[in-house]
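Colleague: So for the sequence shown, this note's numbering puts the first residue at 1; every next one is plus one.
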Amino acid sequence: MQPPKSQVKATLLKNARIKADYFCAELEMASIPQNALPGQFVHVQIPDLSHRVLRRPFSIFNVEQNKLSLLYKVVGEGTRQLSTIAPGKELDIVGPLGRPFSPLPDKSIIVAGGYGCAATYLLAKNAPIKPLVLIGGRTSEDILLKEEYEALGCEVRISTDDGSMGLKGRVTQLLQQAINGQSWLAACGPIPMLKALAELMSSLNLKGELSLDKAMCCGVGACFACVTKVKDATSPDGWRYARVCAEGPVFNAEELIFV
Ligand SMILES: Cc1cc2nc3c(=O)[nH]c(=O)nc-3n(C[C@H](O)[C@H](O)[C@H](O)COP(=O)(O)OP(=O)(O)OC[C@H]3O[C@@H](n4cnc5c(N)ncnc54)[C@H](O)[C@@H]3O)c2cc1C
Ligand code: FES
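Spelled out as structure tokens, the structure:
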């Protein structure tokens, strides 16, 4: 059963650039961190974004007592505004939202692309036997949390498209090299990466879960802005649309239909 969600006022404790366009924010709040499960997200109202009323979804990167951290990339107006907010400011936050990852079995692999490594960090943190972690990015500037995963006791391997760090190539190539009897994979990253991963998992007969990053509006299952195709044997066409915010963001890799 998923934990209850709440809407809280959170105090921004830290908000600093970690590298390139990536920032880490730490927030203190009365509830949410205590209930958060790996892979869930929060919906953040960004202050002073007056003409854009929609909240922005961010994975719950880490939790400690009543503190919750986000790792975010500046990609547009909302995230740019968020990056300028000074500690001390209050933010309105709803969460924890969405379906979490299942706990990792003993021989598991985590695959993360870009800021997707924020969605899988708590999963690795909670795992009694640490997974092998594969992190992919376009360049070394997009490789995040390597040291943090290593500090958890995970072995971390890297790939970059331009070869500036780790293997030169895609994270799927890294997976092909790394696979060694693991039975489960959990991943988060850009949709093209997840599509390639799902195909490779099918050919390797590797089970697991993928967390989808889809643009959202309401974040609570009411508007259907975030739908994705999933297999459904009970529907006449064999598929249906699932709301990523409410039925995901984590899905079994086998149930997703990538177009
Ligand atoms: C469940 C979930 C978890 C997420 N976790 C994180 C996270 O941990 N860290 C992080 O940096 N981002 C995360 N995102 C993505 C983040 O929500 C968007 O980057 C953010 O909403 C963009 O807001 P903006 O106002 O800056 O950009 P906008 O001005 O709204 O858009 C700028 C550009 O980004 C694109 N965009 C907007 N939303 C998304 C999206 N969800 N995915 C891909 N492209 C998008 C737009 O199409 C546009 O091209 C997550 C998204 C989801 C659905
Ligand atoms: S964002 Fe509204 S249903 Fe998912």
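Quick reminder that beta carbons are idealized off the backbone N, C-alpha and C, glycines included.
1. Using DSSP bridges, identify the partner residues of glycine 88.
2. Classify isoleucine 129 as buried or exposed, calling it buried when 16 or more other Cβ atoms lie within 10 Å of its own Cβ.
3. Pull the bridge partners of arginine 170 from the DSSP assignment, please.
4. Give me the pocket residues for ligand 2, defined as CB within less than 7 Å of any heavy atom, sorted by chain position.
5. With a CB to CB cut of under 7 Å and the five nearest residues on each side skipped, what residues in its chain are close to glutamate 255?
6. Mind checking who proline 33 pairs with in its DSSP beta bridge?
7. Would you kindly work out how many angstroms separate the C-alpha atoms of leucine 174 and aspartate 48, rounded to a whole number?
8. Let me know if isoleucine 18 comes out buried or exposed under the rule of 16 or more other beta-carbons within 10 Å of its beta-carbon.
9. Quick check on the DSSP output: the alpha helix (DSSP H) that includes lysine 125 runs from which residue to which?
10. Taking C-alpha atoms, which residue in Phe58, Tyr115, Lys107 and Ile257 lies nearest to tryptophan 184?
11. Say whether the region 73-88 touches the region 27-37, bearing in mind that this needs 3 or more beta-carbon pairs closer than 8 Å, one atom from each stretch.
12. How about alanine 25 and asparagine 35: do their beta carbons lie closer than 9 Å?
13. Rounded to the nearest angstrom, what separates alanine 112 and isoleucine 143 at their Cα positions?
14. Consider the C-beta atom of lysine 207 and the heavy atoms of ligand 1; say whether any pair is separated by less than 8 Å.
15. Once the 5 residues before and after valine 74 are set aside, which same chain residues still bring their CB inside 6 Å of it?
16. I'd like to confirm the pairing. Which residues does DSSP put opposite isoleucine 60 in its beta bridges?
17. In three-state DSSP terms, what is isoleucine 158?
18. So the candidates are Ala222, Ile109, Gly95 and Pro236; which of them puts its Cα closest to the Cα of glutamine 177?
19. Valine 220 to leucine 97, Cα distance in whole Å?
20. Mapping DSSP to helix, strand and coil, what is glycine 208?
21. Please indicate yes or no: does the CB of valine 94 lie closer than 8 Å to some heavy atom of ligand 1?
Modeller: Let me spell this out:
1. In the DSSP output, where bridge partners are listed per residue, glycine 88 has none listed.
2. exposed
3. None, per the DSSP bridge assignment.
4. Met216, Cys217, Cys218, Gly219, Val220, Gly221, Ala222, Cys223, Phe224, Ala225, Cys226, Arg243, Val244, Cys245 and Ala246
5. Val230 and Lys231
6. According to DSSP, which records beta bridges pairwise, proline 33 is partnered with nothing at all.
7. 42 Å
8. exposed
9. 117-126
10. Lys107
11. no
12. no
13. 9 Å
14. no
15. Asp21, Arg80 and Ser83
16. The partner list for isoleucine 60 (beta bridge, DSSP) is empty, contrary to what the question assumes.
17. strand
18. Ile109
19. 8 Å
20. strand
21. no
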